[in-house]
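Enquirer:
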Amino acid sequence: MLTTPITTADKLMRAAMEIVATDGFAAATTAAIARKAGVAEGTLYRHHKSKDALLIAVYRALKAEVFEHVIAANQDSDTVRDRYQHLWRGVWDTYQADPVAFAFAQRFGENPLSQQEGGSAHEAIVSYVAQMIADGQAQGVIRPLPSDILMTFFFPPLMSLLKQAFAGRIWTEADIDAAIEASWQAWAT
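Read in order, the letters of the sequence shown are residues 1 to 189 in the working numbering.
1) DSSP state of alanine 167, grouped into three classes?
2) Quick one: what's alanine 188 bridged to in DSSP?
3) Once the 5 residues before and after glutamate 117 are set aside, which same chain residues still bring their CB inside 6 Å of it?
4) On a CA-only basis, which of Val126, Met17, Arg89 is nearest leucine 162? Give me that one, please.
5) Under 8 Å: do the region 41-48 and the region 7-27 share three or more Cβ pairs, one atom per stretch?
6) Exposed or buried, what is isoleucine 71 when buried is set at 16 or more other beta-carbons lying within 10 Å of its beta-carbon?
7) Any idea what DSSP makes of phenylalanine 153, helix, strand or coil?
8) Identify every run of the alpha helix (DSSP H) within the region 82-128, keeping only runs that are complete inside it and at least 4 residues long; order them along the chain.
9) Can you find at least 3 beta carbon pairs, one from the region 97-104 and one from the region 18-30, that sit closer than 8 Å?
10) Report back the beta-carbon spacing between leucine 158 and isoleucine 133 to the nearest angstrom; my notes put them in contact at under 8 Å.
11) From Asp177, Glu123, Ala27, pick the residue whose C-alpha is nearest to that of valine 66; which is it?
12) To the nearest angstrom, how far is it from the Cα of alanine 61 to the Cα of serine 183?
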């Protein structure tokens, strides 16, 4: 069986993610990241122009992974409701599989760096959600509310369930389905 080797860039990204997730942004110095990745501190600068660029790259990679899950799940989706459910599940599955990634994403979202994030994965997710909302509103299945209001009924409940899961709460598939349904009902006409 062939395995893909872990690159130095991958090691740096994972080290940065783990440090931020565990100890916060202040602890994520270039020296700490390099030490955790098992490389010389200067190696970080061969892959990223700065520590901030590395942290942004980590977040962009997480968003890309979420988007890949969503797109894969939606290949056969015909309805806006299915797309909504697959988006919810894509985020859930990605972060359930990697609690460190979830903790990093939570901290990153509260950091000023999040305002600089942008990137193609961010644009793809924003475009996907905007199109889903536009389609749903055009079909009369999503309330005619601004998207930022609708999103308050999407991410906060999802993040709350993930936080509880990582604190030891066990959510059944029926619980997850019920949460998705309750969240959808906040959007539905």
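Virtual Cβ for every residue (Gly too), placed ideally from N, Cα, C.
Expert: With the structure as the only source:
1) coil
2) Ile142
3) Ile56, Tyr59
4) Arg89
5) yes
6) exposed
7) coil
8) 99-109
9) yes
10) Between isoleucine 133 and leucine 158 the Cβ distance is about 16 Å, and since that is not below 8 Å, they are no contact.
11) Glu123
12) 26 Å
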